[in-house]
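S.K.: Take a look at the following structure, please.
In the working numbering, the protein residues as written are 6 to 254.
Printed below as a string of structure tokens:
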């Protein structure tokens, strides 16, 4: 396992500080977690700060373990500035896709309510109070109502989107490296492991579950995909252009 690199070390410290601070001052989640942009709780800095917030010990442990394992290797390849740019970009890409999916789910349900005679302004007013109308379930059904409420009310936290970007970058750089993580004891080459874990996570996401917590709900699966997709696009562009040099770094 690689020695810890400077930027990875600083990111670990910042994440731990944010985590401890949010445990001591729970209201911090209201300011730093990523809320849906039509929710009054949304702040313009949340697409950045949400990637330093975590929901529990297991959540931050897995993310920081992956940051240390893959981030240190990539920082060795690229140097600190390029690595930090990549990491933050993937986190922002995760926030963008997550918010886009939330917008689609929220407005799909909202349009059904409006088509059935519900006033749009009234819906926003009720939701802003942290409430909902029981009649909405009769119109939408349980699934659509859940999409409406979760998209609007449930904030996203965690570095997972940025971490998925690191996984994609690692698979690009060393595709034949064999990975043996604690929940997969059999070594698997990175070029197979990364697409596999993305496919599994996305599949379970549609079922309302997660590879890191069977039966969980509210997992930001599309944030994972957004981070991975951003990482893929950046790696493809860098590989194609190679910064006008015949090398990666």
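Heads up, the beta-carbon is just placed ideally off N, CA and C, and yes, glycines get one too.
1. Distance, Cα to Cα, residue 120 vs residue 32?
2. With a cut-off of 8 Å, do at least 3 Cβ pairs link the segment 43-58 to the segment 15-31?
3. Whether or not the segment 124-135 and the segment 162-173 are in contact is what I'm after, with contact meaning three or more pairs of Cβ atoms, one per stretch, closer than 8 Å; do they touch?
4. Measuring straight from C-alpha to C-alpha, what distance separates residue 79 and residue 86?
5. Find out if the Cβ-Cβ distance for the pair residue 45, residue 97 is shorter than 7 Å.
6. Given residue 199, which residues of its chain have a CB within under 7 Å of its CB, disregarding the five upstream and five downstream residues?
7. Which runs of the alpha helix (DSSP H) fall wholly inside the segment 44-121 and span at least 4 residues, in chain order?
8. When the Cα atoms are used, what is the spatial distance from residue 155 to residue 140?
9. Output the distance between the C-alpha atoms of residue 147 and residue 153, rounded to the nearest integer angstrom.
10. With H, G and I counted as helix, E and B as strand and the rest as coil, what does DSSP make of residue 161?
11. Please classify residue 110: is it buried, with 16 or more other beta-carbons within 10 angstroms of its beta-carbon, or exposed?
12. Residues in its own chain within less than 7 Å of residue 64 by CB, not counting five upstream and five downstream?
13. Could you please give me the residues that DSSP links to residue 127 through a beta bridge?
14. Can you round the beta-carbon distance between residue 193 and residue 207 to whole angstroms, since I take them to be within the 8 Å contact cut?
15. The alpha helix (DSSP H) with residue 33 in it runs from where to where?
16. Does the Cβ-Cβ distance between residue 10 and residue 37 come in under 7 Å?
17. Classify residue 25 as helix, strand or coil using the three-state DSSP reduction.
18. Going by alpha carbons, who is nearest to residue 149 out of 99, 245, 116 and 47?
M.R.: To lay it out plainly:
1. Translated into the one-based positions of the chain shown, residue 120 becomes position 115. Translated into the one-based positions of the chain shown, residue 32 becomes position 27. Their Cα atoms are separated by approximately 37 Å.
2. yes
3. no
4. Along the chain shown, one-based indexing puts residue 79 at 74. Along the chain shown, one-based indexing puts residue 86 at 81. Roughly 11 Å separates the two Cα atoms.
5. Here residue 45 is taken as the residue at index 40 of the chain shown, counted from 1. Here residue 97 is taken as the residue at index 92 of the chain shown, counted from 1. Not closer than 7 Å, so no.
6. Here residue 199 refers to the residue found at position 194 when the chain shown is read from its first residue. The answer, listed in chain order, is 172, 173 and 176.
7. 51-54, 62-71, 77-83 and 85-120
8. Reading the chain shown from its first residue, position 150 is the one you call residue 155. Reading the chain shown from its first residue, position 135 is the one you call residue 140. The alpha-carbon atoms of residue 155 and residue 140 are separated by roughly 17 Å.
9. As a working mapping, residue 147 is identified with position 142 in the chain shown. As a working mapping, residue 153 is identified with position 148 in the chain shown. One C-alpha to the other measures close to 10 Å.
10. The residue you call residue 161 lines up with position 156 of the chain shown. In the structure shown, residue 161 sits in a strand (DSSP, three-state: E or B).
11. If you number the chain shown from 1, residue 110 lands on position 105. Residue 110 comes out buried.
12. For the purposes of this step, residue 64 is taken as the residue at position 59 of the chain shown. The residues are 163.
13. In the chain shown, the residue the question calls residue 127 occupies position 122. Answer is none; residue 127 lacks a bridge partner.
14. Reading the chain shown from its first residue, position 188 is the one you call residue 193. Reading the chain shown from its first residue, position 202 is the one you call residue 207. 18 Å between Cβ atoms; not a contact.
15. To locate residue 33, count along the chain shown from 1; it is residue 28. Here the alpha helix (DSSP H) through residue 33 covers 33-37.
16. Numbered from 1 along the chain shown, position 5 holds the residue referred to as residue 10. Numbered from 1 along the chain shown, position 32 holds the residue referred to as residue 37. The answer is no: Cβ separation not under 7 Å.
17. Along the chain shown, one-based indexing puts residue 25 at 20. Of the three classes helix, strand and coil, the one that applies to residue 25 here is helix, per DSSP.
18. As a working note, residue 149 is residue 144 in the chain shown. Of the listed residues, the one whose Cα sits closest to residue 149 is 116.
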